[in-house]
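Each remark here refers to the structure printed beneath this line.
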Amino acid sequence: MYLILGLGNPGPQYELTRHNVGFMVVDNLAEKHRIPLNQHKHRSLYGQGKIGGHPVVIAKPMTYMNESGRAAQALLDAWNIPPHRMVVVHDDIDLVLGKIKRKFQGGDAGQKGVLSCMERLGTDRFARIRVGIGRPENKHQIVDYVLSPFSEGEMEPLNHMIEEAVERVEAILTEIETQANQTTEENTE
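Now the structure itself:
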């Protein structure tokens, strides 16, 4: 079983904001695989199904971004999923709009939802799909920027990026076990 956790903020006022790109990706992933996100428990809105033969829980925390770790922990505990089988999809201001990177462990890159997950779980060993939203010109306007909606001119690249991020999530499910096994082998040598 894998947990795919899209980070964002609940509520219609945040629906199309840059900070909610993680929600957008998991919504599209769930729709593509016909996994309705209609169960509300474990501090999340979630659904269960299969992607490429892998059993998954796809979830959107209802805790707000900075408390995402509370939902991650509740979901992992509910299905007894180890953290290394979790994929966190989140926005990244250090990547330009359209750029996507994957990461299997490491720091939070200033993303408070990822930091919350690391703190609650006591580990950085979980996969991330970092989805670029760009950075504001004025570094003092970061909060306003991430909580603002995408412009009309950004919608086409945003939609392409979401499609690519969905494909990256699908691909990373098969890579997670390989990566975890390599890390375990390196630590035992």
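Quick note on our numbering: the sequence shown kicks off at 386 and runs consecutively.
Note that the Cβ used here is the ideal one computed from N, Cα and C, for glycine as well.
Just so it is clear, the structure is predicted and the values come from calculations on it, not from any experiment.
If you check the CB distance, Leu-430 and Lys-445 come in under 8 Å. The beta-carbon distance between Leu-392 and Phe-535, rounded to whole angstroms, is 16 Å. This is too long to meet the 8 Å contact definition. Taking 8 Å as the upper bound for CB-CB distance, Glu-560 and Gly-437 are not in contact here, some 12 Å apart. With contact defined as three or more Cβ pairs closer than 8 Å, the stretch 402–417 and the stretch 515–534 are in contact. Using a Cβ distance threshold of 8 Å, Ala-457 and Met-447 do not count as a contacting pair. The DSSP assignment places 424–426, 429–436, 439–446, 471–477 and 485–488 as complete runs of the beta strand (DSSP E) inside the stretch 424–506, in order along the chain (cut-off: 3 residues). Distance check between Val-499 and each of Asp-412, Pro-468 and Ile-547 places Pro-468 closest, using alpha-carbon atoms only.
Within its own chain, the residues whose Cβ lies closer than 7 Å to the Cβ of Ser-501, once the five positions on either side in sequence are excluded, are Asn-451, Glu-452, Ser-453 and Gly-454, listed in chain order. In the DSSP assignment, Gly-517 forms a beta bridge with Asp-477.
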